[in-house]
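There are 2 protein chains.
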Amino acid sequence: MHAEVTWLEKLRFRGVADSGVPVTIDAAGTLGERPQGPGPMEMVLLALGGCTAIDVVLILEKMRVPLKGLRVVLDGDRAEDHPKVFSRVRLVYELAGDDLPEDKVRRALELTQEKYCSVLHMVNKTAEVSWEYRFR
Amino acid sequence: MHAEVTWLEKLRFRGVADSGVPVTIDAAGTLGERPQGPGPMEMVLLALGGCTAIDVVLILEKMRVPLKGLRVVLDGDRAEDHPKVFSRVRLVYELAGDDLPEDKVRRALELTQEKYCSVLHMVNKTAEVSWEYRFR
Numbered sequence: 001m002h003a004e005v006t007w008l009e010k011l012r013f014r015g016v017a018d019s020g021v022p023v024t025i026d027a028a029g030t031l032g033e034r035p036q037g038p039g040p041m042e043m044v045l046l047a048l049g050g051c052t053a054i055d056v057v058l059i060l061e062k063m064r065v066p067l068k069g070l071r072v073v074l075d076g077d078r079a080e081d082h083p084k085v086f087s088r089v090r091l092v093y094e095l096a097g098d099d100l101p102e103d104k105v106r107r108a109l110e111l112t113q114e115k116y117c118s119v120l121h122m123v124n125k126t127a128e129v130s131w132e133y134r135f136r
Numbered sequence: 001m002h003a004e005v006t007w008l009e010k011l012r013f014r015g016v017a018d019s020g021v022p023v024t025i026d027a028a029g030t031l032g033e034r035p036q037g038p039g040p041m042e043m044v045l046l047a048l049g050g051c052t053a054i055d056v057v058l059i060l061e062k063m064r065v066p067l068k069g070l071r072v073v074l075d076g077d078r079a080e081d082h083p084k085v086f087s088r089v090r091l092v093y094e095l096a097g098d099d100l101p102e103d104k105v106r107r108a109l110e111l112t113q114e115k116y117c118s119v120l121h122m123v124n125k126t127a128e129v130s131w132e133y134r135f136r
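So the sequence lines, in the order shown, correspond to chains A and B. Going by our numbering, the first residue of the first sequence is number 1, and it counts up by one from there. Going by our numbering, the first residue of the second sequence is number 1, and it counts up by one from there.
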């Protein structure tokens with residue numbers, strides 16, 4: 001996997017990886033300015049949410065569970081000292097659908113948490129990760 | 001830090017964190033379709049590039065080194081088995097400027113690598129990280 005990150009101005013960067021879709025990475029918020037994109041640690045948290053959400057969609061599809069909606073809400077705490085890695089991350093999976101079978105949902109969430117989610121298994125090397133779910 | 005990732009369709013998600021700027025996370029490439037945003041592991045690699053680039057800009061500014069251009073080129077290898085974390089990441093810092101003092105540049109790069117870059121110090125828990133630099 002290849003990626004390039006190019007400085008634009010101030011603390012704003014343009015990044016592009018294999019998908020070819022450019023993203024703006026911006027730490028303008030730390031300068032008290034309005035950012036034009038997420039900062040790097042925001043991107044890690046978003047990547048974690050996307051990674052585990054993709055797993056859940058794919059696993060429930062394979063289980064023939066008709067999922068209608070999914071949102072992953074994440075809260076991360078960072079270490080106080082440099083390097084300010086995530087020290088704790090909490091995930092809440094909010095699932096929507098008609099009569100979703102709780103046993104299969106729980107199994108899908110266990111599979112992404114324990115086996116499949118690549119980003120999670122990098123983040124959990126520094127962060128204590130906890131998760132729960134609710135039906136909407 | 002707070003983030004929410006919401007399923008849109010297929011393997012496409014909308015993510016928004018504290019900065020308030022929405023991003024599209026899209027694994028459509030794995031379905032053979034054209035993605036509308038980077039996939040989660042791409043986002044981690046981009047976050048790593050942005051994180052360390054921000055450090056370099058800030059540190060060289062503090063050292064009063066007049067940096068004119070910066071690009072971080074990243075290549076990541078993933079583990080073959082689930083969870084497919086990064087197993088190796090190579091970074092190349094490309095710096096532009098007039099008569100950049102190599103000792104200060106090297107010190108700045110050592111500082112981000114060894115002390116400051118939050119994303120790096122999560123990624124390097126699973127990946128062997130190597131880096132080099134060149135002047136453009």
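Even glycine gets a Cβ: it sits at the ideal position worked out from N, Cα and C. Being a predicted model, the structure only gives us computed values, none of them experimental.
Residue environment, residue i, which counts as buried when at least 16 other CB atoms sit within 10 Å
i	result
residue 121 of chain A	buried
residue 37 of chain B	buried
residue 8 of chain A	exposed
residue 20 of chain B	exposed
residue 137 of chain B	Residue coverage of chain B in this structure runs from 1 to 136, which leaves residue 137 of chain B outside it and unanswerable.
residue 103 of chain A	exposed
residue 53 of chain B	buried
residue 49 of chain A	buried
residue 35 of chain A	buried
residue 55 of chain B	buried
residue 26 of chain A	buried
residue 39 of chain B	buried
residue 69 of chain A	exposed
Cβ-Cβ separation, residue j to residue i (assumed contact under 8 Å), whole Å
i	j	result
residue 71 of chain A	residue 5 of chain B	7 Å
residue 66 of chain A	residue 117 of chain B	Contact flag wrong, Cβ pair sits at about 43 Å.
residue 24 of chain B	residue 11 of chain B	Rounded, the Cβ-Cβ distance is 11 Å, inconsistent with contact.
residue 41 of chain A	residue 1 of chain B	6 Å
residue 59 of chain B	residue 108 of chain B	4 Å
residue 64 of chain A	residue 96 of chain A	Not confirmed; about 17 Å, so no contact.
residue 78 of chain A	residue 130 of chain A	Not really, about 16 Å apart at Cβ, beyond 8 Å.
residue 92 of chain B	residue 73 of chain B	4 Å
residue 46 of chain A	residue 32 of chain B	At roughly 24 Å, the Cβ-Cβ gap does not stay under 8 Å, so residue 46 of chain A and residue 32 of chain B are not in contact.
residue 17 of chain B	residue 28 of chain B	22 Å between Cβ atoms; not a contact.
For residue i: DSSP bridge partner residues
i	result
residue 3 of chain A	A:17 and B:74
residue 24 of chain B	B:14
residue 90 of chain A	A:75 and A:130
residue 9 of chain B	B:12
Residue i beta carbon near the ligand HEM (any heavy atom closer than 7 Å)
i	result
residue 14 of chain B	Annotation note on the ligand HEM: not contained in the displayed structure, which lists no ligands.
Quiz item: What residues in the stretch 108 to 119 of chain B have a beta carbon less than 8 Å from any beta carbon of chain A?
Solution: 115, 116, 117, 118 and 119
Quiz item: Could you give the uninterrupted runs of the alpha helix (DSSP H) lying entirely in the stretch 58 to 84 of chain B, keeping only those of 4 residues or more?
Solution: none
Quiz item: Given a limit of 7 Å on CB to CB distance, which residues of the stretch 28 to 43 of chain A reach chain B?
Solution: 29, 35, 36, 37, 38, 39, 40, 41, 42 and 43
Quiz item: Considering only residues of the stretch 93 to 133 of chain B, which uninterrupted beta strand (DSSP E) runs meet the minimum length of 3 residues and lie entirely inside it, listed in chain order?
Solution: Runs found: none.
Quiz item: Got a sec: which bits of the stretch 74 to 88 of chain B sit with their beta carbon under 9 Å from any beta carbon on chain A, in order along the chain?
Solution: 74, 75, 76, 77, 78, 79, 82, 83, 84, 85 and 86
Quiz item: Which residues, in order along the stretch 10 to 25 of chain B, keep a beta-carbon less than 7 Å from a beta-carbon of chain A?
Solution: Within the stretch 10 to 25 of chain B, the qualifying residues are 11, 13, 15, 17, 18, 19, 21, 23 and 25.
Exercise. Give, in chain order, every residue of the stretch 46 to 63 of chain A whose Cβ lies closer than 7 Å to some Cβ of chain B.
Key: Within the stretch 46 to 63 of chain A, the residues whose Cβ lies closer than 7 Å to some Cβ of chain B are 46, 47, 49, 50, 51, 53, 54 and 57, listed in chain order.
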